[in-house]
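Numbering (my numbering), first residue to last: 18 to 192. The beta carbon of each residue, even a glycine, is placed where N, CA and C say it ideally should be. Quick caveat, the model's predicted, so the values are computed rather than measured. Report on the structure given below.
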Amino acid sequence: MRVKDRDFEVFISKEEIEKIVKGLAQRIGKDYEDRNPLFVVMLNGSFVFAADFLRSLDFVADVAFVRYSSYVGMNTVGVASCDIVIPEHVKGRNVIVVEDIVDSGVTMAQFMKDIKSLNPESVALMTLLFKPDSLRENVKVDYVGKAIENRFVVGYGLDYDGLGRNLDAIYVVKE
Ligand code: IMP
Ligand code: MG
């Protein structure tokens, strides 16, 4: 699969993604069903994951969207930029942040600080993908769909310079 100027190959199939997402929905359902959680979806990357995950839940859920980015091309730029809209109704809620991937952790370290300052009852972080070897911030990830090696992936919401978010599997760059 060619995306922009690089070749990618299938890394996590459609079927495996579906299993991962359903597994997360079951775990969250068990832990949160009676806690009226607020799901805060990080745009843009999480939109596909969030759409599938939220529809896999078997209770009625409250959803809000924020946008917060730190990535340019294949490398983290290090500083999370502040194009962020934090919903006002976070106070007193059990928040679950829905993220596509935690890489260096820069984005989530900043965002978790920001959201905690709005006095939620609790905040948990759920991510579809996690690159543990790449983490350099002190970020606690509460729910991980799948831990992966430190390679660049695209598809299922994740982009390479804006491209590939619509791919229905997750692809990894060929070295
Ligand atoms: P972090 O701040 O370094 O943890 O990066 C977080 C953001 O970078 C994620 O929300 C993604 O949008 C993006 N990102 C990190 N790794 C990848 C990747 O392998 N492919 C596409 N985007 C990525
Ligand atoms: Mg993202």
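Distance between beta carbons of residue j and residue i, contact taken as under 8 Å
i       : j       : result
Asn-167 : Lys-148 : 5 Å
Lys-163 : Ile-37  : 6 Å
Val-57  : Val-83  : 6 Å
Val-190 : Phe-76  : So it is not a contact: roughly 38 Å between Cβ atoms.
Ser-151 : Asp-120 : 5 Å
Closer than 7 Å: residue i CB and nearest the ligand IMP heavy atom
i       : result
Val-77  : no
Leu-180 : no
Val-119 : yes
Asp-48  : no
Leu-175 : yes
Val-140 : no
Gly-162 : no
Glu-26  : no
Met-125 : yes
Phe-169 : yes
Glu-105 : no
Glu-192 : no
Glu-116 : yes
Gly-40  : no
Gly-62  : yes
Gly-122 : yes
Check whether residue i and residue j have beta carbons under 8 Å apart
i       : j       : result
Leu-146 : Ile-113 : no
Leu-74  : Val-80  : no
Val-171 : Tyr-188 : yes
Gly-174 : Val-27  : no
Ser-63  : Glu-138 : no
Leu-41  : Arg-110 : no
Ala-141 : Asp-159 : yes
Ala-126 : Glu-105 : no
Val-156 : Gly-122 : yes
Option in the options with minimal Cα separation from residue i
i       : options                          : result
Met-143 : Tyr-49, Ala-186, Arg-19, Asp-150 : Tyr-49
Lys-21  : Asp-176, Asp-185, Glu-192        : Asp-176
Asp-51  : Met-129, Phe-169, Ala-78         : Ala-78
Tyr-85  : Asn-53, Gln-43, Lys-130          : Lys-130
Lys-31  : Asp-69, Asn-53, Arg-19, Leu-60   : Asp-69
Ile-165 : Arg-19, Ile-29, Met-18, Arg-23   : Ile-29
Ile-132 : Met-59, Arg-19, Lys-39, Leu-184  : Met-59
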